[in-house]
Every structure is written in structure tokens, then in C-alpha cells.
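J.:
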Amino acid sequence: MTSTVLVLSGPNLNLLGERDPAIYGSATLADIEAAVGARAQGYGLVVEHHQSNHEGDLVDLVHSARDRCAAIIVNPGALTHYGWSLHDALATFDGPVVEVHLSNPAAREPWRHTSVVAPVAAGTIAGFGPDGYLHAVDAVARLLGVSG
Ligand code: CA2
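Numbering (numbering that gives the first Met the number 0), first residue to last: 0 to 147.
Here it is, written out as C-alpha cells:
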């Protein structure tokens, strides 16, 4: 059976490539989605991408992944730092959750230093730009026990 990986992108990530390239790089979300899909295909994984600017939508997407998706890769955007309902939803998901950030929040403003998602993630990849998503796919494949 093919395993599906849900890749969730939170608020404002739809603007990637349009602003702040010094912080977030010049790749668009579509560029990242294409690269993630190609990497996942090498492992025989299928990827489902969703971006939302609304926390409740992201919660609904996590619920819809339960019993349907094998793993979740999530960049929660600023919800990383205060999105407790997203935390609670991810805690109900049985498979591995990998948190990704383009920038390194630990090296930025103090309010970005806390992640409420990190405690329910298998691990966090931060500061490597779009490559971080590829590392996340590799991590998910390893956690699911699939090889390329
Ligand atoms: O580094 C990351 O990936 C972040 O999750 C990005 C969030 C930020 O609040 C987190 O602290 C770290 C912000 C996403 C906003 O994305 C933009 C993209 C282009 C232009 C403006 C914002």
C-alpha cells in the first residue's frame, strides 16, 4: 500500500518568493512542493500539500490525516510559537510528525525561540532553507522504515 505524507504549511507561507528573500530565500511554495514531491517519489511516498492562513483549517487537515496518512511534515509559520490547538491536533496523530523551518527561529527574535509544536514532533529541522524540507522527507522515510 502506498504511504501518503501530509505536508502542511501555515500562515503567510503562500508569500514565499515574493518578500523577505534574505530570511526565507527566493523559492516559492510551489517550488518547494515540487522538490518535496520528487524526493518523496524516490521513496515510493505520495505527498499531499496544503497551505492555510487559518489555524482551524490546519487543525481540520490534521484530523483528516488521522488513519489516512503515514506521516506529517509541518511548517506551522508563526503558529509555531503560540498555536496550541495545532499542538493538540498533532498530538492525536499516531504517525511521525517532523517540524520544518526555513529560517532558524532560535537565532531570531526571542518570541520565536519557543515552539509549541516541537513537543509533539519526532524532530525539528531549521535553518537550512528549502533543503530542510528534503531533510524532512529523508527523516520521515527513515522513521517509516522505507528506503530509496
Ligand atoms: O522559518 C520559518 O519557516 C518560519 O516558520 C516562518 C514563519 C515564522 O513566523 C517562523 O518564526 C519561522 C513566517 C512565515 C512567513 O513567511 C513569509 C514568507 C514571505 C514573506 C513574508 C513572510
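From the three backbone atoms N, C-alpha and C, an ideal C-beta is built for every residue, glycine too. Bear in mind the structure is a predicted one, so any value in this text is a computation, not a measurement.
Could you tell me the alpha carbon to alpha carbon distance between Leu-142 and Leu-15, rounded to whole angstroms?
T.: Counting from one through the sequence shown, the residue named residue 142 turns up at place 143. Counting from one through the sequence shown, the residue named residue 15 turns up at place 16. When rounded, the distance between both Cα atoms is 28 Å.
J.: Provide the residue(s) that pair with His-48 in DSSP beta bridges, ordered along the chain.
T.: Taking the first residue of the sequence shown as position 1, residue 48 is located at position 49. Its beta-bridge partners are Val-6.
J.: Does the Cβ-Cβ distance between Val-46 and Val-97 come in under 8 Å?
T.: One-based indexing of the sequence shown puts residue 46 at position 47. One-based indexing of the sequence shown puts residue 97 at position 98. Their beta carbons are not under 8 Å apart, which means Val-46 does not touch Val-97 by this criterion.
J.: Is it true that the CB of Val-145 sits closer than 8 Å to the CB of Leu-44?
T.: Here residue 44 refers to the residue found at position 45 when the sequence shown is read from its first residue. Here residue 145 refers to the residue found at position 146 when the sequence shown is read from its first residue. In this structure, Val-145 lies closer than 8 Å to Leu-44 by Cβ.
J.: Assign Ala-120 to one of three DSSP states: helix, strand, or coil.
T.: As a working mapping, residue 120 is identified with position 121 in the sequence shown. Ala-120 falls in the coil class under three-state DSSP.
J.: Does the structure place the stretch 90-108 close enough to the stretch 123-142 that three or more beta carbon pairs sit under 8 Å?
T.: yes
J.: Compute the Euclidean distance between the alpha carbons of Thr-91 and Thr-1, then round it to the nearest angstrom.
T.: Translated into the one-based positions of the sequence shown, residue 91 becomes position 92. Translated into the one-based positions of the sequence shown, residue 1 becomes position 2. The alpha-carbon atoms of Thr-91 and Thr-1 are separated by roughly 22 Å.
J.: Taking the alpha-carbon positions, what's the His-112 to Gln-40 distance?
T.: In the sequence shown, the residue the question calls residue 112 occupies position 113. In the sequence shown, the residue the question calls residue 40 occupies position 41. The alpha-carbon of His-112 is positioned some 33 Å away from that of Gln-40.
J.: Helix, strand or coil: how does DSSP classify Ala-70 here?
T.: Against the sequence shown, residue 70 aligns to sequence position 71. In this structure, Ala-70 counts as strand in the three-state DSSP scheme.
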